[in-house]
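Q: Sharing a structure, written as structure tokens. Questions coming.
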Amino acid sequence: MRYGFVIDQRKCIGCHACTVACKEENAVPLGVNRTWVKYIEKGTFPDTRRYFTVLRCNHCDDAPCVTICPTVALYRRSDGIVDFDGARCIGCKSCMQACPYDALYIDPETQTAAKCHYCAHRVEVGLEPACAVVCPVQAIVAGDLDEPATPIARLVATQPVQVRKPEQGTLPKVYYLGAEASALSPEMQRRDGQYVFAQVSDIPVPGQPNRASAPLPPPPSAPLDLRALARTVYDVAHPERPWGWKVSAYLWTKSVAAGALLVAGLGMLSGLASGNELAGRAAPLLALLFLFLTTALLVADLKRPERFLYLLFKPNWRSWLVWGGWILIAYGGAAAAWLAAGITGHPHALVYLAGPVVLLAVAAAGYSAFLFGQAEGRDFWQSPLTLPHLVAAALAAGSAALLLVARARGGGLGAPWGLRLLLLGALASLAVVLVAELFGSHPTRDAARAARWLARGPLATRLWVGVVVLGLALPCAMLVTSSPAAWTVAAALALAGLWLYEDLWVRAGQAVPLS
Amino acid sequence: MTHRVTEPLHPVARDLQAPPEGLHRFPPSALWDSWEEYDARAWPRREKRQYSLIPTICFNCEAACGLLAYVDKRTLRIQKFEGNPAHPGSRGRNCAKGPATLNQVTDPERILYPLRRAGGRGEGKWERVTWDEALDDIAGRIRKALVEKRPTEVMYHLGRPGHELVYLQRVFHAWGIDGHNSHTNVCSASARAGYAFWHGLDRPSPDHARARVILLLSSHLEAGHYFNPHAQRIVEGKQAGAKVCVVDTRLSNTASMADWWLSPWPGTEAAMLLAMCHVLLRDGTWDREFVRRWVNWEEYLREEHPARPVTFDAFEAAVKALYAEYTPEFAERESGVPAARIEEVAREIGRAEGALSTHVWRNAAAGNLWGWEVARALELLVVLAGAVATPGGTAPSGFNKAIPAPPMMPPPAKVWSELLMPREYPLAFFEMSFLLPHLLRERRGKLAMYFTRVYNPVWTNPDGMSWIEMLTDEAKVERHACLTPIWSETAHFADYVLPMGHASERHDLMSQETHAARWIGFRQPVLRVALEKQGKRFDWTWQAHEAAGLGQVWEEDEFWIELSWRIDPDGALGIRKYFESPYRPGEKLRIEEFYRWIFESSVPGLPAAAQKEGLTPLEYMRKFGAFLVEGGVYASHEKPPAPAEREGAAVDPLTGVVAKGGAAVGVEIDGRVAVGFPTPSRKLEFYSKTLKDWKWGDHAVPTYARSHVHWSVIDRTQGEMLLLPTFRLPTLIHSRSGNAKWLYEISHSNPLWLNPEDAARLGVGTGELLKIETEIGHFVDRVWVTEGIRPGVVACSHHIGRWRLQESTGGERWSTALVDLKREAPGRWRMRHVHGVRPFPSADPDSSRVWWEDAGVHQNLTFPVHPDPVSGQHCWHQKVRAARPGPDDRYGDVFVDTDRAHEVYRRWLAMTRPAPGPGGLRRPLWLPRAFKPDASAYRIEGP
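Residue numbers (this note's numbering), protein chains in the order written: chain S, 14 to 528; chain G, 31 to 973.
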């Protein structure tokens, strides 16, 4: 049993009945939609045509939202429906990043994720989804794809059907019949500041209500002839960009937390550091402090922060959010042990701890690469460079932070055990990663568009001036001088640049429209 | 990356069983009384809720689609509206406006109790009154007017009828008034006139599902009479291979689905259609035999070519000569549509073998002077194609409509209201509703009691400022009661605002010509029905609503019964008897008795069908909400008259008309008598002797005349353009869906559609402001540059642009802008937006989530009246001047000069050719009129 939809765009008249029937059936609040109709236009007068497309959850057989959801709030039923349980949702919004189809939103009433669930509550009493029932022209066909005699199975078998973004490999179960290609592909559309009968409502600043606003500049597009693009003439209000400053700040605080003991641990292993105050006490204190900040940011970013512990007690072991939680806990434990050893003056214990601590620090820094990798809607984050990016960032943040602590504690500490060179190396590696992220080959057009958005779009000034010049080049230059004061400034600049880099990286990943 | 099918993880998701018979669209009707399903918001917790499923009829357009209300048995709240699978027209499906009924029922802004104004008219101060107080005051005023022989001072003016069939006719005939006024002349008058001159019935009923060619001068895949039922069948026809041609100057959603989109210069459609007729005649692809039998060509030859022999060959020669000049090339010069495309479509029609389904309702007919000739030209095409009432063809409306007779129909009144049907418009379809302010300004009368019912002339009609001037003048309108489920611009200027029910809150009987069938649909107050199922009983629906927590919302049916009793408490005026029970003599009619009588006595087949289900006819309709009287209705004109009618009837040897007692009952063709069409000739009147007799001989046969906005009178180099202001949106219905948040979330802007060529000439882009100057004022709106509009034409939907004068009353905050309205000098009005739509606090948490700000711009205020001299239709298209706004102009600004508006009215009035016509009549006796008065009232007395 595998329920799916056929949307017959040869019949669809763009009437929005499905949109409204769904709102009614599922009590969907204003500002969010489980299914909606997009209009695009092509051509020049009098050879013009408008195309309608019904968009919604694809009930993927390999649903990235299910994989990433840390608390099994999203799940695939044995009948193929991808359903959700709001009572388990912690509001982490990772599903919104994982879905390549823009299907999920945060319900403003419950502050939990929601989407089309194929009216599973109707299916269980033997009724079709509300949208299929209301459709005046029966353009929405619901049924069991595995049962060869059903109308839907026959349509899929005998007609040329398409799915959205097949390259995502999600095995979607919403099949389009007679759809216009550019209507299914957001990268082939452009948009003006007014729709045919509605305001353009755009992705607002996170944290602010989803108000209609002046449109953003058009998303960066491949160098296509603008005239050749389909014009979007109607679309609904889309959910706000799910991850904002709290997530970029979390990446940054985590870099410091992981970097502090990574650097100290490497120092111990290499014999460059001793269990002195910097490595034995300042580093673990720094790690614990920033780990606390990291956790606080993570919890604060949840729409249901009070359900934070569901992450541990209702875990989905395939989600890197869950693994990340446990890694941070383990790392926290290791940091505490390190601190205990440092405070009680057992430097030999530190030597034994250094190996595991370094591994856990790398895990704490790097697990996010796998988490962002599970955000399959955001191709830019899928890059294999994300892991080196995060490890280099941790090294840079850790060495910069320790350098600052060392400088603050007075000249006696100098620039111990090669912190300066480590920072220099980390920044250089980051620069290499950054260049590769921006200018390397991108596996998908969406990843390339996000990179362009970053490198040449509205974020370019902040990137080139803030990150590259002030956050990388200048600190490197200062670090090769012999002035300890310049090293201090360099470390501070590097930390600021890192924060800005993470912020831009998180924004750019979300800049490309999913639908 | 390798993917594997993910396994369910959540405990509720495992081991699910397939429903034994697959998925169904609706709960089986046997379970409608006690249906159980899961609460969607609690899901995936399986919380069962119990519902009563009670059918009713949607009120969000004219189509009368079926709805099924899910009434929660425990809370008595309506959970949702779905389609009614038992409804023959809508077949269980709806457009967006069907489910949005729930918004209207639960709207936190709705009016729950009768209100009386507490300050001056239009001041916006209200106090709650009882139904008793309101009824006594209104009944007293009506009784006084009737007793003092001022029956024309009582007027009921409706937008969408509260009663589709004959209910109101009973009421007003019983009162002895000619007081029914409608919205028809701002809507469909020209299309109606065009059809009625042809076949006596004033609408088309296309059989799209079986058509080979579907020719639409309408946007039936998104709006109109009858959107959802027609869209279903158009798409069905298309899937079965029919070709679709849509004639519309703007790219409608409908045009987007067509095989051909023809975008003519507005007002030239008749030229294009006559060119198609030309091609059929030229190529010999017309149905000669059908035309010979069913067109009044003999009458044409006798009247117009008395020297020629009355033979069909002579007619063929004459008709070919008549349309010889209408070549596709001529049509291209007039319309801008390439001749080759016109040829292509005409040839396809020539191959359709009588399966040509067509429609025009508003579109070109409503926009243009002589718009009724568009409908006539379209019907000429149908007639030539032999597609009248054929499978896949186009029938006259009445063939596909069931109108059951009510108990005790009073005789028509011997009264003619010149405020409704002034003598200048003897052929109008129908009442000259939108001229009322000008007629009163000319002191043609006054109104002692004026009702508006779901009618919003201040906003909907052209020249709304003149309506405000009229409504605020208590010497002209002494008392104004607004019967409405929703606040409106007009309700703001009433003395009483009386809350009447939405779709699911009142009784009504509906029948629409949605396809080749005849059906009835039953609207009912579902909460009352649900309560009565639980054994409760109420005298009035408002009491049931009060018990269900819906204030004192009432329904018109009962309002009229009680009002009539109060007008004539002792029966002395002869009114009361019509509002007494047919089952309990002398007692007050209960509303269920009225419908019980109809279902028992006037609906063929219903009693038998009910018996089969073990139900009474009323119980059957309460349960199923609809009944198919007859399916597969074709060629109704070919049927013989009923034997009783045939008996004693005489055949006119010259015309073949079969008449009995002065009334035609049929026509003899080739020796066989058939009922034919309700025209004087009983045939299809290619030649309208009526038009000739009533001074319009130049239009006696279908012809093309240039509209008031023809391209030759518009100088684009001077910034002049044609404004096309007449299109609906798929999601809204005029001014009564302003309380539907889900619909306004989807659509809330009415920008000016502008071709890139014009945008470049005017130097504006999408989102920028443009000032549109009309004959009497101007408005300022945003531009939407699109390839979907003909250069030289600017288009703007009439569905948006609602406003209110006060923050918290007088308008729905979901859909209206707060405006400042100033009378700068007598006759000079200026409106400016204070703010757009905003979130607001209410019992519905959604009201704080309103994210759109745009309420659109109200354009109709700036239009003067343009009454077509024949049909009486307001000709909506405007010649305007478009320019970039000045420094003081802002989005939403409106300026109007009502003195200039009155001058324009006088200018159009001068085009008329007034009554009397032959026999000293005000109007041809045969021509349809809503609620015809007694024949004696048709005579203009005196020398």
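C-beta: ideal position from N, C-alpha, C; glycine also.
For G/Glu299 and G/Gln199, I'd like the C-alpha separation in whole angstroms.
A: 36 Å
Q: For the stretch 731–748 of chain G against the stretch 175–195 of chain S, do three or more pairs of beta-carbon atoms, one drawn from each stretch, fall closer than 8 Å, so that the two count as touching?
A: no
Q: May I ask you to list, following chain order, the residues of the stretch 756–782 of chain G that have a beta carbon less than 9 Å from some beta carbon of chain S?
A: Leu759, Pro760, Thr761, Leu762, Ala770, Lys771, Trp772, Leu773, Glu775, Ile776, Ser777, His778, Ser779, Asn780, Pro781
Q: Helix, strand or coil for S/Val502 per DSSP?
A: helix
Q: Helix, strand or coil for S/Arg167? Go by DSSP, reduced to three states.
A: helix
Q: According to DSSP, which residues form a beta bridge with S/Arg433?
A: Partner(s): none; S/Arg433 has no beta bridge.
Q: Answer yes or no: does any C-beta atom of chain G fall closer than 7 Å to that of S/Met14?
A: yes
Q: For S/Ser319, tell me which candidate among S/Arg433, S/Ala192, S/Glu290, S/Thr125 has the shortest Cα-Cα distance.
A: Before going further, note that residue 319 of chain S is Glu rather than Ser in the sequence given. Selected option, being the one with the closest Cα: S/Thr125.
Q: So for S/Trp518, helix, strand or coil by DSSP?
A: helix
Q: How about S/Ala243 and S/Ile53: are their beta carbons less than 7 Å apart?
A: yes
Q: Please list, in chain order, the chain G residues whose beta carbon lies closer than 9 Å to that of S/Asp157.
A: Ala48, Gly52, Leu53
Q: Which of the three DSSP states, helix, strand or coil, is assigned to G/Asp538?
A: strand
Q: My parser needs the beta strand (DSSP E) runs of 3 or more residues fully inside the stretch 759–823 of chain G; what are they?
A: 782–784, 799–803, 807–815
Q: Enumerate, from N- to C-terminal direction, the unbroken alpha helix (DSSP H) stretches of 4 or more residues contained entirely within the stretch 516–594 of chain G.
A: You should have 556–563, 571–577.
Q: Does any residue of chain G bring its CB to less than 7 Å from the CB of S/Val482?
A: No, S/Val482 does not count as interfacial toward chain G.
Q: Given that G/His40 touches chain S, what residues does it touch there, using C-beta distances under 7 Å?
A: Val85, Tyr88, Asp98
Q: Taking the alpha carbon of S/Cys112 as the point to measure from, which residue in S/Lys128, S/Gly431, S/Ile103 has its own alpha carbon closest?
A: Of the candidates S/Lys128, S/Gly431, S/Ile103, S/Lys128 places its Cα closest to the Cα of S/Cys112.
Q: For G/Arg862, which residues in the same chain have their Cβ closer than 6 Å to its Cβ, ignoring the five residues on either side in sequence?
A: Result list for G/Arg862: Asp850, Asp923, in chain order.
Q: Could you please tell me which residues of the stretch 824–840 of chain G, in chain order, have their CB closer than 9 Å to any CB of chain S?
A: Flagged, chain order: Ser827, His829, Ile830.
Q: Return the residue from the list G/Glu854, G/Pro118, G/Ser212, G/Met438 that minimises the CA-CA distance to G/Pro612.
A: G/Met438
Q: Quick check on this structure: which residue in G/Pro57, G/Ile207, G/Ile763 has the alpha carbon closest to the alpha carbon of G/Leu603?
A: Of the listed residues, the one whose Cα sits closest to G/Leu603 is G/Ile207.
Q: Taking a cut of 8 Å between CB atoms, which residues from the stretch 273–297 of chain S lie near chain G?
A: none
Q: Would you kindly work out how many angstroms separate the C-alpha atoms of G/Leu799 and S/Thr80, rounded to a whole number?
A: 49 Å
Q: For G/Gly113, write down the residues that DSSP places opposite it in a beta bridge.
A: When DSSP reads this structure, G/Gly113 sits in a beta bridge with G/Leu97.
Q: Is S/Gly278 helix, strand or coil by DSSP?
A: helix
Q: Cβ of G/Thr424 within 7 Å of Cβ of G/Thr388?
A: yes
Q: Whole-angstrom Cβ separation of G/Pro440 and G/Tyr197, contact assumed at under 8 Å?
A: About 12 Å separates the two Cβ atoms, so there is no contact after all.
Q: Taking only the alpha-carbon atoms, compute the straight-line gap between S/Gly386 and S/Ala76 and give it to the nearest angstrom.
A: 14 Å
Q: If you draw a straight line from the alpha carbon of G/Val813 to that of G/Ala789, how long is it in whole angstroms?
A: Rounded to whole angstroms, G/Val813 to G/Ala789 spans 8 Å at the Cα level.
Q: Rounded to whole angstroms, what's the CA-CA distance from G/His764 to G/Ser827? Just pull it up for me.
A: 10 Å
Q: Applying the 10 Å Cβ sphere with the 16-neighbour rule, what's the burial state of S/Phe326?
A: exposed
Q: Excluding sequence positions up to five away, which residues of its chain have a Cβ less than 7 Å from the Cβ of G/Lys690?
A: Cβ neighbours of G/Lys690 beyond the five flanking positions: Glu675, Gly678, Ala679.
Q: How far does the beta strand (DSSP E) with S/Lys55 in it extend, from its first residue to its last?
A: For S/Lys55, the uninterrupted beta strand (DSSP E) run begins and ends at 48–57, by DSSP.
Q: For G/Leu292 versus G/Val277, is the C-beta spacing smaller than 7 Å?
A: yes
Q: Select from S/Val41, S/Cys70, S/Cys82, S/Gly44 the residue whose C-alpha is nearest the C-alpha of S/Tyr323.
A: S/Cys82
Q: Please report the distance separating the alpha-carbon of S/Arg203 from that of S/Val478.
A: Whole-angstrom Cα-Cα distance: 29 Å.
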